[in-house]
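Some notes on the structure that comes next.
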Ligand code: HEM
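Protein chains in written order, with the working numbering: chain A, 23 to 571; chain B, 3 to 211.
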């Protein structure tokens with residue numbers, strides 16, 4: 023490819039000479055200067071925000087043990103023989119005179135709250151009038167479900183919500199670890215509990231108090247949340263950096279601070295509004311990362327998204343629930359099947375389940391407001407029915423990408439009335455329509471819908487439903503947080519969140535086509551041009567040779 | 003007669019080679035971010051791309067100053083004079099060993115086609131890369147311990163423009179690398195940009211008035 027004025031040898035010589043010259047002298051200086059510029063650029067982009075100190079201060083302040091200000095064993099009123107749990111509460115209230123009114127104002131007592139919901143207006147909403155896709159609803163099943171009510175004896179709709187003595191102080195404040203509620207006892211303590219012992223050893227709620235209900239929702243450990251379970255009472259940092267026994271060993275109430283018995287933080291399986299929420303940033307600030315570009319992600323990405331790479335890390339959580347297979351009996355008796363980990367995969371009472379351990383979350387936009395399936399709502403069965411809907415989209419400035427557990431179920435539906443069915447599940451006796459005693463979907467549907475005052479046509483079928491559980495716990499050590507590629511790639515974790523441009527995942531087809539074409543055409547043009555040049559060059563060489571001859 | 007001319011001054015060569023390195027590096031890291039391949043890893047590619055982009059912008063500021071303080075900017079003003087001849091030369095003349103139609107001097111280093119292409123690069127494509135890149139970069143920015151953002155409906159348009167520009171820059175580099183071999187000899191132009199010196203023909207008589 024050398025030009026006519028040089029022969030091949032000189033051509034090679036010149037090339038070598040200048041390569042040598044270039045590499046030995048110039049490149050050295052040039053590289054130094056380029057490096058200087060590059061380094062200044064890098065320094066500009068990695069300004070450290072001394073976050074390490076901040077984290078250490080947090081760790082120190084939260085690992086200090088709490089010293090109670092009183093010793094309840096010294097109070098005479100707590101020494102007397104308690105004949106009923108209500109007497110304990112009366113004793114508590116004799117000193118803590120105003121606390122009863124506070125508690126009666128909370129969700130833990132009312133199991134519903136007046137909230138503004140877009141499309142519904144001001145609505146009283148909670149477990150009293152919504153359905154889920156686990157055990158579906160409390161209506162008619164209070165004796166069993168309401169074991170987790172912070173009260174005594176809510177067995178049916180006649181329960182007196184105005185009687186302060188029905189408040190269960192102990193379930194939250196027991197520090198003996200011995201208090202527990204009777205199965206099917208509508209929230210009353212088990213008769214075996216030593217009330218005197220419990221009453222004299224009360225204090226700030228411990229993990230085990232909150233966990234007594236919140237770990238076991240849905241009828242077993244970690245069934246519902248996936249990120250809240252009894253392993254967190256004694257776990258490593260790999261499972262949960264905050265609650266790790268070997269770490270700062272935080273109590274739930276360290277984050278879920280309380281004012282007038284209203285606990286901060288909420289779960290969108292039962293809540294709807296963007297109020298009284300807890301967020302990571304309350305302790306960690308809005309810009310806790312060293313790299314500014316990571317901090318900038320927080321505008322659209324919740325902390326949890328990167329810092330909870332998987333959930334159900336220690337024990338499995340329920341992923342799907344098919345009610346339609348329930349009610350099968352063997353020799354007239356209910357039976358169950360288990361998987362290798364000891365999780366129920368089939369129960370005659372409940373149907374078929376699948377479980378997941380170390381599950382990768384799904385991701386949705388969420389602006390802190392939600393809607394719920396409420397009694398009487400008519401539904402569109404052409405797509406899975408959302409028992410709760412988390413709202414938000416890319417264009418919503420309040421929305422962030424959050425990780426969720428999606429629980430999918432197949433559950434009872436009345437196709438004539440277009441409504442979800444609340445079946446009656448629990449009763450102590452046969453013949454009252456309870457599914458868990460009589461194993462009859464029709465009778466259970468009729469009894470349940472009658473109890474909650476909804477029509478039932480007499481026809482039932484099963485429909486697909488989904489419920490969305492934002493994940494907030496089981497935060498992983500920072501080394502385990504998501505790497506960029508987990509999302510910034512074509513088949514990454516955000517593959518289904520398509521309402522925005524994500525670098526590394528998205529491309530514009532037109533731009534790609536134009537780009538590839540211009541590069542290919544450049545090469546083709548060069549190839550043609552170069553071959554014509556070489557041919558011309560060869561022709562000239564032969565011409566000059568013939569002239570010489 | 004040929005004479006040895008100091009045609010590319012020290013700063014010009016420094017600028018040229020730094021820019022060459024930075025553009026190649028930006029293209030490489032940029033297309034890793036784009037998802038075309040994996041080399042540094044996404045996070046590093048982003049950090050390097052941003053660092054190189056800042057370096058590039060610093061270089062651009064100095065180079066703009068250089069263009070105006072030395073008057074070199076005049077070399078890049080497009081002209082239509084001889085443009086047809088230059089096109090004909092590349093398409094036909096070169097294969098017939100015809101002479102370069104436009105004479106290269108210190109005061110007029112670029113032929114009319116080069117003028118147009120470099121002019122477009124300076125006023126369209128590099129600004130396109132810088133502006134779309136800066137928007138891409140400061141679409142969100144730290145502000146008083148929090149993150150603020152400019153009011154922009156997502157990155158789609160900015161990313162499309164930036165990627166489009168990136169493809170054009172790459173096509174430019176490819177064609178540029180080929181065209182520098184069309185000097186008096188294959189390495190004349192490369193040599194000149196490295197050493198600063200090039201052997202130029204004395205100016206033809208008819209232009210010497
Ligand atoms: C001063 C000039 C430039 C600036 C400020 C700049 C800035 C940026 C930024 C901020 C990004 C996004 C990285 C991220 O995900 O955070 C980016 C992406 C990219 N850059 Fe540049 N860049 C510049 C020049 C270039 C050049 C010269 C090229 C190529 C020749 C280039 C090619 C790319 C490509 C291909 C992407 C990926 C775009 C996508 O897939 O969305 N950039 N650039």
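For every residue, glycine included, the Cβ atom is placed at its ideal position computed from N, Cα and C.
CA-CA distance, residue 301 of chain A to residue 378 of chain A, rounds to 26 Å. Between the alpha carbons of residue 356 of chain A and residue 460 of chain A lies a distance of about 10 Å.
Here residue 81 of chain A is exposed. Its C-beta has fewer than 16 other C-beta atoms within 10 Å. In this chain, residue 148 of chain B is not harboured by any alpha helix (DSSP H); it is covered by the beta strand (DSSP E) spanning 148-151.
Counting the other CB atoms within 10 Å of its CB gives residue 447 of chain A a total of 16 or more, which places it among the buried residues.
Under a criterion of Cβ atoms nearer than 7 Å, the residues of chain B adjacent to residue 56 of chain A are, in order, 20, 23. With its beta carbon at least 9 Å from every one in chain A, residue 81 of chain B lies outside the interface.
Residues of chain B whose Cβ lies closer than 7 Å to the Cβ of residue 523 of chain A are, in chain order, 156, 157, 158, 161. In the three-state DSSP reduction, residue 133 of chain A falls in the coil class, being neither helix nor strand. DSSP, read as helix, strand or coil, puts residue 503 of chain A in coil. By alpha-carbon distance to residue 294 of chain A, the top candidate from A/94, A/374, A/409 is A/409. Between the alpha carbons of residue 189 of chain B and residue 181 of chain B lies a gap of roughly 11 Å.
By the criterion of a C-beta distance shorter than 6 Å, residue 150 of chain A is surrounded in its chain by 133, 134, once the five residues flanking it on both sides are discounted. In this structure the segment 167-179 of chain A does not lie against the segment 416-436 of chain A, because fewer than three pairs of beta carbons, one per stretch, are closer than 8 Å. Beta-carbon to beta-carbon, residue 212 of chain A and residue 204 of chain A are separated by about 4 Å, close enough to satisfy the 8 Å threshold. Around the beta-carbon of residue 435 of chain A, 16 or more other beta-carbon atoms lie within 10 Å, marking it buried. Among the residues facing chain A, residue 166 of chain B is included, as its CB has a counterpart in that chain under 9 Å away. The beta carbon of residue 385 of chain A does not come within 9 Å of any beta carbon belonging to chain B, so the residue lies off that interface. Distances from the CA of residue 401 of chain A to each of A/243, A/321, A/153 were compared; the closest alpha carbon is that of A/153.
For residue 264 of chain A, the number of other beta carbons within 10 angstroms of its own is at least 16, and it is reported as buried.
Distance from the CA atom of residue 202 of chain B to the CA atom of residue 161 of chain B, rounded to whole angstroms, is 44 Å.
When secondary structure is reduced to three states using DSSP, residue 532 of chain A falls in the helix class. Taking the Cα positions, residue 93 of chain B is about 18 Å away from residue 562 of chain A. Look at residue 299 of chain A here: in three-state DSSP terms it is coil, with no helix or strand label. From the beta-carbon of residue 320 of chain A, the residues of chain B found nearer than 8 Å are 149.
Residue 60 of chain A counts as buried, since no fewer than 16 other beta carbons sit within 10 angstroms of its beta carbon. When only Cα atoms are considered, residue 250 of chain A and residue 170 of chain A end up about 16 Å apart. For residue 465 of chain A, there is no enclosing beta strand (DSSP E); the enclosing alpha helix (DSSP H) has its first and last residue at 463-473. Contact between residue 537 of chain A and residue 166 of chain B holds: CB atoms are separated by about 7 Å, below the 8 Å threshold. Taking all protein chains in view, the Cβ of residue 167 of chain A is crowded by 16 or more other Cβ atoms within 10 Å, so the residue is classified as buried. By the 16-neighbour rule on beta-carbons within 10 angstroms, residue 134 of chain B is buried.
For residue 142 of chain B, the enclosing beta strand (DSSP E) covers residues 142-145. Not a single CB atom of chain B sits nearer than 9 Å to the CB of residue 424 of chain A. DSSP, reduced to helix, strand and coil, places residue 122 of chain A within a helical segment of the structure shown.
Close CB contacts of residue 170 of chain B within its chain, under the 8 Å cut and outside five residues either way in sequence, are with 127 (chain order). Of the residues assessed, residue 16 of chain B falls on the buried side of the cut-off, its CB having 16 or more other CB atoms within 10 angstroms.
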